[in-house]
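All remarks here apply to the structure that follows.
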Amino acid sequence: MTAVIRNYDIPALRKMDVDHHLAPQQDWQAIQQMGGSRIITRAEGSTLYDGDGNTILDGMAGLWCVNIGYGRDEMAKVAYDQMLELPYYNTFFKTATPPPLMLAKKLAELLGGKLKHVFFNNSGSEANDTILRLVRHYWDVKGQPKRKIIIGRHNGYHGSTVAGVSLGGMKAMHEQGDFPIPGIEHVMQPYLFGDALGEDPAAFAERAASAIEERILEVGAENVAAFIGEPVQGAGGVIIPPADYWTRVEAICRKYGILLICDEVICGFGRLGEWFGHQHFGVKPDLVAMAKGLSSGYLPISAVGVSSEIVDTLRNAGGEFIHGYTYSGHPAAAAVALKNIEIMEREKLIERVQTDIGPYFAQALASLNDHPLVGEARTLGLIGGVEIVSKKGTNERFTGKEGHAGPVVRDICIRNGLMVRAIRDTIVMSPPLVITREEVDRLVAIIRAALDEAAPALRAAPQAPPAPPVEENEVALG
Ligand code: PXG
Numbered sequence: 033m034t035a036v037i038r039n040y041d042i043p044a045l046r047k048m049d050v051d052h053h054l055a056p057q058q059d060w061q062a063i064q065q066m067g068g069s070r071i072i073t074r075a076e077g078s079t080l081y082d083g084d085g086n087t088i089l090d091g092m093a094g095l096w097c098v099n100i101g102y103g104r105d106e107m108a109k110v111a112y113d114q115m116l117e118l119p120y121y122n123t124f125f126k127t128a129t130p131p132p133l134m135l136a137k138k139l140a141e142l143l144g145g146k147l148k149h150v151f152f153n154n155s156g157s158e159a160n161d162t163i164l165r166l167v168r169h170y171w172d173v174k175g176q177p178k179r180k181i182i183i184g185r186h187n188g189y190h191g192s193t194v195a196g197v198s199l200g201g202m203k204a205m206h207e208q209g210d211f212p213i214p215g216i217e218h219v220m221q222p223y224l225f226g227d228a229l230g231e232d233p234a235a236f237a238e239r240a241a242s243a244i245e246e247r248i249l250e251v252g253a254e255n256v257a258a259f260i261g262e263p264v265q266g267a268g269g270v271i272i273p274p275a276d277y278w279t280r281v282e283a284i285c286r287k288y289g290i291l292l293i294c295d296e297v298i299c300g301f302g303r304l305g306e307w308f309g310h311q312h313f314g315v316k317p318d319l320v321a322m323a324k325g326l327s328s329g330y331l332p333i334s335a336v337g338v339s340s341e342i343v344d345t346l347r348n349a350g351g352e353f354i355h356g357y358t359y360s361g362h363p364a365a366a367a368v369a370l371k372n373i374e375i376m377e378r379e380k381l382i383e384r385v386q387t388d389i390g391p392y393f394a395q396a397l398a399s400l401n402d403h404p405l406v407g408e409a410r411t412l413g414l415i416g417g418v419e420i421v422s423k424k425g426t427n428e429r430f431t432g433k434e435g436h437a438g439p440v441v442r443d444i445c446i447r448n449g450l451m452v453r454a455i456r457d458t459i460v461m462s463p464p465l466v467i468t469r470e471e472v473d474r475l476v477a478i479i480r481a482a483l484d485e486a487a488p489a490l491r492a493a494p495q496a497p498p499a500p501p502v503e504e505n506e507v508a509l510g
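Numbering-wise (our numbering), the sequence shown opens with residue 33 and increments by one.
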C-alpha cells in the first residue's frame with residue numbers, strides 16, 4: 033500500500049478552521065488572527081509535510097505519541113482488515129471481541145507482576161477518570177469508605193476531563209471552571225532545576241517525597257485513597273525526578289496502605305527505554321494509566337492496568353463496577369495497538385532507546401550545555417528538555433518572567449524545520465523511537481541555531497529582576 037497524496041486547497045481549509053473548527057487548548061482569537069492553523073497533510077517516519085510545502089522533523093512524535101513513526105503499512109492494513117471483519121461490537125452485554133482480549137493479555141505480560149488486569153478507554157483523560165472511580169469504589173468495597181482523597185502534584189498533567197484536570201496540577205486549567213473537584217490534593221513536584229537549583233539531589237529527593245507524607249498526615253492517612261504521578265512529568269516541562277524519589281514515594285504509599293498510581297500516558301511504550309517508566313525507576317504501582325504510545329496514536333485507545341489485589345477484592349464482593357464507555361475495547365483500535373506492540377518487539381525499539389538512540393540523543397543534547405543561553409539540557413531515554421536562562425549558571429529567566437524566551441526559540445525552530453514545544457522556557461522533545469542519528473544531529477543543530485538567532489533580541493528585551501520563588505511553578509500549557 034502507498035499513501036495517497038492529495039492536492040488540498042489549503043486556503044479553503046484554513047478558512048474552515050477559522051469559521052467552524054475549535055482547536056483544543058488553544059487561544060481561538062490567535063488562530064483567527066493568523067488566518068487558521070498550519071495544515072499538516074502527510075507524514076513518513078519522523079518527518080511531517082505541511083500544505084505550504086514545508087518539510088518538518090517531528091521532535092514531538094505528534095503529541096508525545098507516535099512512537100513507531102508515521103506511515104506504517106501494517107498498521108493501516110490491520111485496521112482495514114478488522115473493520116471489514118468486525119468494525120465494532122461492545123463489551124457491555126457479557127460479550128467481547130477478540131482484539132481487546134488479546135491486547136489485555138499482552139499488556140498484562142508487559143506490565144508483569146501483580147498488574148494482571150486491563151480496563152479499556154479511549155484517551156489518557158478517560159483512563160484517569162476510570163482510575164479515580166475505580167480507586168474510590170475499591171476502598172468502599174474494602175470497608176474503608178473514608179479513603180477518598182487522591183494526592184497529585186503541582187504541575188502534573190493527567191488530562192482535560194473533570195477527573196483529569198482535577199488530578200493534574202495545572203493552575204491555569206484549575207482557574208477555568210473552579211477545579212479541582214473536592215478530595216484532590218496537590219504537593220510539590222520534584223523539579224530540581226526550576227525550584228531548588230543547587231540543592232543536593234539526594235536531599236531534594238527526600239524533601240519532595242516527604243511532602244507527600246506530610247500531606248498524608250495533615251489530611252489523615254485514613255482519608256487517603258491513592259497517590260498519582262507521571263514517572264517523568266511531560267506536559268509539565270520534562271521534569272525528571274532525582275534518583276530515589278520514586279522508591280521513596282513507593283515506600284511512603286506502602287507505609288500508609290495507600291494505592292500507588294503511575295500515569296504512563298507519555299512514559300509508557302518505550303519512551304524511557306523500558307516498556308514502562310515505573311520499570312525504569314524500579315517501583316511497582318497498583319494502577320497504571322496508558323494511552324498515546326499504546327497505539328502510537330494511529331487510533332485512539334487507552335488502558336488502565338489494575339492489580340490482582342484490587343480485582344480480587346471486587347470479584348469476591350460481587351456487584352457491578354458501574355462505569356465504562358461505548359468504545360471501551362474498540363476492536364479496530366485494539367487490533368492496531370496489538371500491531372503497534374508487535375512492531376516495537378520485532379524492531380527491538382525499547383532496546384534501541386536504552387542502548388543506542390537514547391544514549392546518542394543524551395550525548396547530542398548535552399552538547400548544548402556549552403551554549404550561553406542553556407541552563408540545563410536533560411534527557412532520559414527519548415524525552416528531553418533544554419532550559420533557557422538569561423544568566424549562565426542560574427535559573428534566571430529573560431525579562432524576569434517565565435515563558436518569554438521559550439516561545440521565541442520554539443518559533444524559530446519550527447520555521448527552520450523542527451517541530452518542538454515550549455513549556456515556559458523549556459524546549460521539550462519526545463521524538464519517534466525510530467528517529468535516526470542523522471535526524472538527532474539535525475534536531476540539535478536546529479535548536480543551537482535557534483538559540484543563537486534568538487539571543488540578541490532576548491538580551492535586548494528589558495530585564496526585570498528575577499521573580500521571587502513560587503510554590504506552583506507553572507503557567508498554562510503554551
Ligand atoms: N496523562 C498524561 C501524563 C498526559 O501526558 C493525558 C494523561 C491525557 O491524555 P489525553 O489522551 O486525554 O489527552 C496526557 C496527555 C502538552 C499536552 O501540552 C500533553 C498532553 C495532552 C495535551 C497537551 O504537552 N498529554
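Beta carbons: idealized from backbone N, C-alpha and C, even for Gly. Since the structure is predicted, the reported quantities are computational estimates derived from the model, not experimental observations.
Would you tell me roughly how many angstroms separate the C-alpha atoms of residue i and residue j, rounded to the nearest one?
i, j, result
"Ser399", "Ala477", "10 Å"
"Gly449", "Phe393", "18 Å"
"Leu54", "His362", "26 Å"
"Val338", "Asp51", "43 Å"
"Glu503", "Tyr223", "Here Glu503 scores only 45 on pLDDT, less than 50, and its place in the model should not be relied on; the value that follows carries that caveat. Their Cα atoms are separated by approximately 11 Å."
"Leu483", "Leu405", "7 Å"
"Gly289", "Lys324", "30 Å"
"Lys316", "Leu291", "10 Å"
"Arg179", "Ala240", "23 Å"
"Leu89", "Gly103", "14 Å"
"Met66", "Ala75", "24 Å"
"Ala111", "Pro131", "11 Å"
"Ser462", "Cys97", "8 Å"
Short of 6 Å in beta carbon distance, which residues of its chain neighbour residue i, apart from the five on each side in sequence? Order them along the chain.
i, result
"Leu164", "Ala195"
"Ala508", "Residue confidence for Ala508 is low, a pLDDT of 42 falling below 50, so the modelled location carries little weight and cannot support an answer."
"Phe124", "none"
Using only alpha-carbon positions, find the residue among the options that is nearest to residue i.
i, options, result
"Pro464", "Thr458, Ile298, Leu331", "Ile298"
"Gly215", "Ala396, Gly252, Gln65, Lys316", "Gly252"
"Leu142", "Thr279, Leu326, Arg453", "Leu326"
"Tyr120", "Ile63, Thr358, Met92", "Thr358"
"Ile213", "Gln176, Met220, Gly200", "Gly200"
"Ala243", "Val219, Phe236, Gly230", "Val219"
"Gly144", "Asp318, Phe353, Asp388", "Asp318"
"Ala44", "Ala489, Ile71, Ala486", "Ile71"
"Glu379", "Lys47, Gln64, Gly101", "Gly101"
"Ile446", "Asp82, Asp227, Pro391", "Asp82"
"Val173", "Val421, Ala364, Glu352, Leu475", "Glu352"
"Asp276", "Ala234, Thr79, Ile375, Lys138", "Ala234"
Which stretch, first to last residue, makes up the alpha helix (DSSP H) that contains residue i?
i, result
"Met66", "Note, Met66: premise wrong, no alpha helix (DSSP H); not H, not E."
"Met115", "105–117"
"Ile389", "389–398"
"Ala493", "Here Ala493 belongs to no alpha helix (DSSP H), and DSSP marks it neither H nor E."
"Gly226", "224–227"
"Arg456", "No alpha helix (DSSP H) holds Arg456; DSSP gives it neither H nor E."
"Asp49", "42–51"
"Glu207", "203–207"
"Met134", "130–143"
"Asp90", "Segment 87–90 is the beta strand (DSSP E) holding Asp90; no alpha helix (DSSP H) there."
Let's see if you can read the secondary structure: which residues bound the beta strand (DSSP E) around residue i?
i, result
"Glu217", "216–219"
"Ile244", "Where Ile244 is concerned, there is no enclosing beta strand (DSSP E), although the alpha helix (DSSP H) it sits in stretches over 233–251."
"Phe308", "Taken as a continuous stretch (DSSP letters only), Phe308 belongs to no beta strand (DSSP E), as it is neither H nor E."
"Asn153", "149–153"
"Ser334", "334–338"
"Tyr357", "Element bounds for Tyr357: n/a, residue is neither H nor E."
"Ile260", "256–261"
"Thr162", "From DSSP, Thr162 is part of no beta strand (DSSP E) but of the alpha helix (DSSP H) over 156–173."
"Arg429", "Where Arg429 is concerned, there is no enclosing beta strand (DSSP E), given that its DSSP letter is neither H nor E."
"Met322", "319–322"
"Cys294", "291–295"
"Gly81", "The question names Gly, but residue 81 in the sequence shown is Tyr. Note, Tyr81: beta strand (DSSP E), 79–82."
"Leu414", "Leu414 -> no beta strand (DSSP E), and no H or E assigned at all."
For residue i, which residues of its own chain have a beta-carbon under 7 Å away from its beta-carbon, when the five flanking residues on both sides are left out?
i, result
"Phe225", "Gly407, Glu408, Glu419, Asn427"
"Ala369", "Leu135, Leu326, Ser327, Ile333"
Using a beta-carbon distance below 7 Å, is residue i in contact with chain B?
i, result
"Glu341", "Here chain B cannot be found, since the structure has a single protein chain."
Report yes if the C-beta of residue i is less than 6 Å from at least one heavy atom of the ligand SAM; otherwise report no.
i, result
"Ser327", "This structure does not include the ligand SAM; its bound ligands are the ligand PXG."
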